[in-house]
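Only one structure is covered here, and it is reproduced in the block below.
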Amino acid sequence: MYTAVSSNKRKTVLLMALFVAFIATLGYVVGVISDSPGLLYFFGIGALVYSIVTYFLSAKIALGMSGAREIKKSQAPELYRLVENLSITAGLPMPKVYIIEDSSPNAFATGRDPKHAAVAVTSGLLERLEKDELQGVLAHEMAHVGNYDIRLMSVVTALVSIVSIISDLLFRVSLFNGDDDSPNPLMLAVGIVLAILAPLIALVIQLAISRRREYLADATAVQLTRYPDGLAKALEKISHGEPMHRTSSATAHLYIANPLGGGKGIGGAVAGLFSTHPPIEDRVARLRQMGDVV
């Protein structure tokens, strides 16, 4: 676990540094094409400021994008008590608890560190899971908190979102950048290339979060609950749930299972190769093996 914590801290810093470098380089290229060298500094400083803001506000961004609302103990006492007990068991501060009004069963954790963490579950998860299954899911999310996965995953959410916005903005600007309001061919080319590359860049950023984090969080959850079957049964139920109504590819990696839904057949198998989540069947099989040992 200590290795994972150190790795996640390093990856967060590296990811933010690469993001600033990428945006500054983009500003330089656009500046050369449009004969506006000052764009290098504008883009670079803007990216640096955005990265710093992202570090502190990434959790709010993720929660806001998911439509989560914070709840108090009196509003969902059983859920709150489960999170409290797991926090004590894991030796972690009590995170804020949120509920997302969505019939699809799912959950995620976010925050920049355990002292500023939040755990969010969907209303569908609360309706469909038994207590031991819900405990398994919450233990998994608390594992992400303790392993500092939440910092890396939350920062990724914000960076992926802004890469898509910047690419779309530059593409639109490139259409009307000439002196006679006609498209600048070079700027238009840059805009088209960015429009094509943005989804790939976002995917690469997301894949920087290793699938191993989910296996590690599953294993840590078992250490907390001493009951692998609870999480295994929860994952099986979650795998049969419908896609969430309010989510996007920018936040999909946060959840315990892909909230966008997984395809079947050849298309689903290909998509699985590029998923930030390992197959639920594999995770369940590993949990069952742990159950034979525990």
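For the sequence shown, this note's numbering gives the first residue as 38, with consecutive numbering after it.
We put the beta carbon where it would ideally sit given N, CA and C, even for glycine.
With distance defined between alpha-carbon atoms, name the residue in the options nearest to residue i.
| i | options | result |
| --- | --- | --- |
| residue 153 | 159, 266, 265 and 100 | 100 |
| residue 343 | 150, 176, 136 and 145 | The structure shown does not extend to residue 343, since the chain is modelled only from 38 to 331, so the question has no answer here. |
| residue 191 | 272, 124, 150 and 170 | 150 |
| residue 383 | 196, 129 and 97 | Since the first residue shown for the chain is 38 and the last is 331, residue 383 is missing from the structure and cannot be characterised. |
| residue 328 | 222, 62, 265 and 103 | 265 |
| residue 98 | 197, 69 and 113 | 197 |
| residue 114 | 69, 134 and 317 | 134 |
| residue 317 | 252, 279, 286 and 280 | 252 |
| residue 167 | 42, 286 and 267 | 267 |
| residue 281 | 143, 184, 226 and 257 | 143 |
| residue 46 | 292, 295, 182 and 297 | 182 |
| residue 109 | 121, 103 and 102 | 121 |
| residue 321 | 258, 283, 287 and 286 | 258 |
| residue 161 | 295, 279, 323 and 124 | 279 |
Under DSSP, the alpha helix (DSSP H) around residue i begins and ends at which residues?
| i | result |
| --- | --- |
| residue 168 | 168-183 |
| residue 92 | 76-103 |
| residue 161 | 160-165 |
| residue 136 | Counting along the chain, residue 136 falls outside any alpha helix (DSSP H), though it belongs to the beta strand (DSSP E) covering 133-137. |
| residue 269 | 265-276 |
| residue 284 | Segment: none, residue 284 is in no alpha helix (DSSP H) and carries neither H nor E. |
| residue 288 | Segment: none, residue 288 is in no alpha helix (DSSP H) and carries neither H nor E. |
If residue i sits next to residue j, beta carbons under 8 Å apart, how far is it from one beta carbon to the other, in whole angstroms?
| i | j | result |
| --- | --- | --- |
| residue 277 | residue 193 | Not a contact, Cβ separation roughly 27 Å. |
| residue 187 | residue 147 | 5 Å |
| residue 158 | residue 132 | At roughly 12 Å, the Cβ-Cβ gap does not stay under 8 Å, so residue 158 and residue 132 are not in contact. |
| residue 75 | residue 283 | About 39 Å separates the two Cβ atoms, so there is no contact after all. |
With a threshold of 16 other CB atoms inside 10 Å of the CB of residue i, please say whether the residue is buried or exposed.
| i | result |
| --- | --- |
| residue 275 | buried |
| residue 300 | Only weak support is given to the placement of residue 300: the predicted model assigns it a pLDDT of 47, under 50, and the question is left unresolved by the model. |
| residue 80 | buried |
| residue 48 | buried |
| residue 106 | exposed |
| residue 255 | buried |
| residue 141 | buried |
| residue 326 | exposed |
| residue 307 | In this prediction, residue 307 scores a pLDDT of 41, lower than 50, which makes its location untrustworthy; no coordinate-derived value is stated. |
| residue 250 | buried |
| residue 22 | Only positions 38 to 331 of the chain appear in the structure, and residue 22 is not among them; the question remains open. |
| residue 139 | buried |
| residue 177 | buried |
| residue 304 | Residue placement at residue 304 is poorly supported in this model, since its pLDDT is 37, which falls under 50; the coordinates still yield a value, given next. So residue 304 ends up on the exposed side. |
| residue 292 | buried |
| residue 93 | exposed |
| residue 123 | buried |
| residue 185 | buried |
| residue 119 | buried |
| residue 125 | exposed |
Need the endpoints of the beta strand (DSSP E) that residue i sits in, please.
| i | result |
| --- | --- |
| residue 257 | Element bounds for residue 257: not the beta strand (DSSP E) but the alpha helix (DSSP H), 249-262. |
| residue 294 | Element bounds for residue 294: n/a, residue is neither H nor E. |
| residue 113 | Run containing residue 113: none; DSSP gives neither H nor E here. |
| residue 148 | 144-148 |
* Given 8 Å as the limit, is there contact between the region 48-62 and the region 80-99, that is, 3 or more CB pairs closer than that? -> yes
* May I ask you to verify whether the region 168-184 touches the region 260-271, counting CB pairs closer than 8 Å and requiring at least 3? => yes
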